[in-house]
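Working notes for the structure below.
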Amino acid sequence: MSTTLPTPVSDAMPVETPAPDRTYVVRTLGCQMNVHDSEHMAGMLEQAGYRKASAAEDALDSADVVVINTCAVRENAATRLYGNLGQLASVKASRPGMQIAVGGCLAQKDRGEIVTRAPWVDVVFGTHNLDALPVLLERARHNEAAQVEIAESLQVFPSTLPTRRESVYAGWVSISVGCNNTCTFCIVPHLRGKERDRRPGEILAEVQALVDAGAVEVTLLGQNVNSYGVEFGDRGAFAKLLRACGEIEGLERVRFTSPHPAAFTDDVIEAMAATPNVMPQLHMPLQSGSDRVLRAMRRSYRSEKFLGILDRVRAAMPDAAITTDIIVGFPGETEEDFAETLRVVEASRFSSAFMFQYSPRPGTPAATMDGHLPKEVVQERFERLLALQERIGAQESAAQVGRTVEVLVAEGSGKKDGATHRLSGRARDNRLVHLALPAGVLPDGPLPDQPATLDDPRLADAPDPRLPRPGDMVTVEVTRSAPHHLIADSATGGGTYAVRRTRSGDAWVAREKARLGGGDEHGHGAPAPDGPVVLGMPTLRR
Ligand code: SF4
Numbered sequence: 001m002s003t004t005l006p007t008p009v010s011d012a013m014p015v016e017t018p019a020p021d022r023t024y025v026v027r028t029l030g031c032q033m034n035v036h037d038s039e040h041m042a043g044m045l046e047q048a049g050y051r052k053a054s055a056a057e058d059a060l061d062s063a064d065v066v067v068i069n070t071c072a073v074r075e076n077a078a079t080r081l082y083g084n085l086g087q088l089a090s091v092k093a094s095r096p097g098m099q100i101a102v103g104g105c106l107a108q109k110d111r112g113e114i115v116t117r118a119p120w121v122d123v124v125f126g127t128h129n130l131d132a133l134p135v136l137l138e139r140a141r142h143n144e145a146a147q148v149e150i151a152e153s154l155q156v157f158p159s160t161l162p163t164r165r166e167s168v169y170a171g172w173v174s175i176s177v178g179c180n181n182t183c184t185f186c187i188v189p190h191l192r193g194k195e196r197d198r199r200p201g202e203i204l205a206e207v208q209a210l211v212d213a214g215a216v217e218v219t220l221l222g223q224n225v226n227s228y229g230v231e232f233g234d235r236g237a238f239a240k241l242l243r244a245c246g247e248i249e250g251l252e253r254v255r256f257t258s259p260h261p262a263a264f265t266d267d268v269i270e271a272m273a274a275t276p277n278v279m280p281q282l283h284m285p286l287q288s289g290s291d292r293v294l295r296a297m298r299r300s301y302r303s304e305k306f307l308g309i310l311d312r313v314r315a316a317m318p319d320a321a322i323t324t325d326i327i328v329g330f331p332g333e334t335e336e337d338f339a340e341t342l343r344v345v346e347a348s349r350f351s352s353a354f355m356f357q358y359s360p361r362p363g364t365p366a367a368t369m370d371g372h373l374p375k376e377v378v379q380e381r382f383e384r385l386l387a388l389q390e391r392i393g394a395q396e397s398a399a400q401v402g403r404t405v406e407v408l409v410a411e412g413s414g415k416k417d418g419a420t421h422r423l424s425g426r427a428r429d430n431r432l433v434h435l436a437l438p439a440g441v442l443p444d445g446p447l448p449d450q451p452a453t454l455d456d457p458r459l460a461d462a463p464d465p466r467l468p469r470p471g472d473m474v475t476v477e478v479t480r481s482a483p484h485h486l487i488a489d490s491a492t493g494g495g496t497y498a499v500r501r502t503r504s505g506d507a508w509v510a511r512e513k514a515r516l517g518g519g520d521e522h523g524h525g526a527p528a529p530d531g532p533v534v535l536g537m538p539t540l541r542r
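Residue numbers (full-length UniProt numbering): 1 to 542.
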């Protein structure tokens, strides 16, 4: 094993072009931040000459390079990583030349321990040096030794790296990395470092580039978007950024994640309400309804402040759908504390919630606190909270029945869409909607997520105007509801149904034709296997 902590890769050997047709797959565990980091990893590998493995190659474990982008936040992250690595050990034993790389938060945390526990791993790289991946793979091949390289601070802002975007109609844009808070249950500040903010000009240039490439939706990403601007001394920077996104022609939907209740100010609510392309949706982590527990979590808002924010958001945007994260069974949580969480959840009327049972993360302050609760106590509280939120979610969904919604059609269909012949997508408030097509639009049954041939009706030169493509907008009426989704079958009875073709739908067609070899993306260049690699955004200063 060669351990380099931290050698700047720019001083290391250059990236050699890998053997022709060397394929890769990136497997992502964890949050949106990780999903977006994986897009950068894929972009760098493609720029270095690798080709994304097809779904069939991935399923057969025949990719030449497998990158696992890990998460240290979820309880079972390590179990999942080592489970994945154990399964890959036998694959690698039968496939000489195959390489395995592990990146992301758990790699940043466990470092050399990963190659000690799984010596068949070739490369370990951290959250601060994503850019090292291609060089480390080459160095591992060349030296026939594992390479572990972890940087202690950010080497290159990830947005400056090449990116292979998963979607043509929606994209992630990082506005900051790291976090200055010190929530006692969270390992993120330790692994991602202090908050680093990108300049507004850089962010807006990336948003504009995404829109120019066909996207109609962007999600602004940061561990704590409300503190955006702290690094360059502008407390109002996030609200200004939202308003500036409103000026970008062709950008129809702007979302962001995650805000922090402590830093959530009214100027952001005003900017959301006043900017038509900022969607009426908010993911606002509550974590606990008990002020005592919030203090122990070192989260500096209290339940009344949280509920006050929700009131003001709903006063400004009556249709806003609000979601949250909640931790059940934090050390020392009493039955009275938990009753407070139930009270705040009841009052908050979340459309949905991610609920977690507390479990200690090594390296966090909460892990060594007194008062860890027995598993059965946490489980019983969790089930009560789940039942409450299921009831509220069902009621909030039911209130949507009869409403007309505009759905951005997604590429991946819902699990049951094949059987039900529906398409799926998100409404403006981010609710998941499964919608029926009018009779006769698909006489041969449902379509695959990705066209198998150029004869797919979505790729026709003169397609049925009633058939939307991923990235198009469909206006329908909600006819039924469930706690976690809406059904909009208005088209089947001759009711509301209107397709609006978008640039994103056109971009999706161009990408799919290029992938199938029947035309080229943007009218020139070689067919792309699955979409283009976008060069990293240049560093601009304003
Ligand atoms: S705000 Fe708290 S929970 Fe969120 S990333 Fe920062 S420390 Fe972690």
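Just so it is clear, CB atoms sit at the ideal spot from N, CA and C, and this is done for glycine as well.
* Evaluate residue 453 with the Cβ neighbour count: other Cβ atoms within 10 Å of its Cβ, from every protein chain shown; 16 or more gives buried, anything less gives exposed. => The residue you call residue 453 lines up with position 453 of the sequence shown. Looking at its Cβ environment, which holds fewer than 16 other Cβ atoms inside 10 Å, residue 453 is exposed.
* Asked: Where residue 257 and residue 94 are concerned, what is the direct C-alpha to C-alpha distance, given to the nearest angstrom?
  -> Working through the sequence shown from its first residue, we reach residue 257 at position 257. Working through the sequence shown from its first residue, we reach residue 94 at position 94. The alpha-carbon atoms of residue 257 and residue 94 are separated by roughly 42 Å.
* So does residue 127 have its beta carbon nearer than 7 Å to some heavy atom of ligand 1? -> Translated into positions along the sequence shown, residue 127 becomes position 127. No; taking the cut-off as 7 Å, the Cβ of residue 127 has no heavy atom of ligand 1 nearer than that.
* CA-CA distance, residue 127 and residue 271? -> The sequence position of residue 127 within the sequence shown is 127, counting from 1. The sequence position of residue 271 within the sequence shown is 271, counting from 1. Cα-Cα distance, rounded: 32 Å.
* Would you list the residues sitting across from residue 217 in a DSSP beta bridge? => Within the sequence shown, residue 217 is the residue found at index 217, counting from 1. Bridge partners of residue 217: 170, 253.
* Among all the DSSP beta bridges, which residues are the ones paired with residue 477? -> One-based indexing of the sequence shown puts residue 477 at position 477. DSSP output for residue 477 lists 404 as bridge partner(s).
* To do: Give me whichever residues DSSP pairs with residue 488 in a beta bridge.
  => As a first step, residue 488 must be located in the sequence shown, where it is residue number 488. In DSSP, residue 488 forms a bridge with 435.
* Asked: Is the stretch 361-379 close to the stretch 339-351, with three or more CB pairs under 8 Å?
  -> no
* Per DSSP, the bridge partner or partners of residue 482 -> For the purposes of this step, residue 482 is identified with residue 482 of the sequence shown, where counting begins at 1. Beta-bridge pairing links residue 482 to 485.
* **Extent of the continuous alpha helix (DSSP H) to which residue 267 belongs** => Residue 267 sits at position 267 when you count from the first residue of the sequence shown. Its alpha helix (DSSP H) spans residues 266-274.
* Asked: Whose C-alpha, out of 98, 30, 57, is nearest the C-alpha of residue 78?
  -> As a position in the sequence shown, residue 78 is number 78, starting the count at 1. Cα-wise, what sits closest to residue 78 is 30.
* Asked: Who are residue 499's beta bridge partners in DSSP?
  -> Locating residue 499 in the sequence shown gives position 499, counting from the first residue. According to DSSP, which records beta bridges pairwise, residue 499 is partnered with 474.
* From the DSSP output, in three-state form, read off residue 23 for me. => Taking the sequence shown and counting its residues from 1, one reaches residue 23 at position 23. In the structure shown, residue 23 sits in a strand (DSSP, three-state: E or B).
* Asked: Hey, how far is the Cα of residue 447 from the Cα of residue 516?
  -> Start at 1 with the first residue of the sequence shown, and residue 447 comes out as number 447. Start at 1 with the first residue of the sequence shown, and residue 516 comes out as number 516. Residue 447 and residue 516: Cα-Cα distance of roughly 16 Å.
* Asked: From what residue to what residue does the beta strand (DSSP E) around residue 76 run?
  -> The residue you call residue 76 lines up with position 76 of the sequence shown. That residue, residue 76, is in no beta strand (DSSP E); it is neither H nor E in DSSP.
* To do: Grab the span of the alpha helix (DSSP H) containing residue 114 for me, first residue to last.
  => Counting from 1 along the sequence shown, the entry for residue 114 is found at position 114. Its alpha helix (DSSP H) spans residues 113-117.
* **Cut-off 6 Å between Cβ atoms - residues of its own chain near residue 40, not counting five sequence neighbours on either side** => Within the sequence shown, residue 40 is the residue found at index 40, counting from 1. The answer, listed in chain order, is 130, 158, 161, 163.
* Looking at the structure shown, is residue 197 part of a helix, part of a strand, or coil, going by DSSP? -> Start at 1 with the first residue of the sequence shown, and residue 197 comes out as number 197. Residue state, collapsed to three classes: strand.
* Say the cut is 7 Å; is the CB of residue 108 nearer than that to a heavy atom of ligand 1? -> For the purposes of this step, residue 108 is taken as residue 108 along the sequence shown, with counting starting at 1. Answer for residue 108: no, Cβ out of range of ligand 1.
* **Within 8 Å, strictly: CB atoms of residue 303 and residue 291** => Here residue 303 refers to the residue found at position 303 of the sequence shown. Here residue 291 refers to the residue found at position 291 of the sequence shown. Going by C-beta atoms, residue 303 is nearer than 8 Å to residue 291.
* To do: Output the boundary residues of the alpha helix (DSSP H) element that contains residue 241.
  => In the sequence shown, residue 241 corresponds to position 241, counting from 1. 237-245 is the span of the alpha helix (DSSP H), which, as asked, contains residue 241.
* To do: Taking only the alpha-carbon atoms, compute the straight-line gap between residue 70 and residue 103 and give it to the nearest angstrom.
  => Counting from one through the sequence shown, the residue named residue 70 turns up at place 70. Counting from one through the sequence shown, the residue named residue 103 turns up at place 103. Spanning the two alpha carbons is a distance of roughly 6 Å.
* Asked: Is it a yes or a no for the stretch 164-180 touching the stretch 211-226, going by three-plus beta-carbon pairs under 8 Å?
  -> yes
* May I ask whether a heavy atom of ligand 1 can be found less than 7 Å away from the beta carbon of residue 181? => Against the sequence shown, residue 181 aligns to sequence position 181. Within the cutoff, so yes.
* Can you tell me whether residue 138 is buried or exposed, with buried defined as 16 or more other CB within 10 angstroms of its CB? -> As a working mapping, residue 138 is identified with position 138 in the sequence shown. Under this definition residue 138 is a buried residue.
* Is residue 109 buried or exposed, if buried means 16 or more other CB atoms sit within 10 Å of its CB? -> Walking along the sequence shown from the start, residue 109 turns up at place 109. Classification for residue 109: buried.
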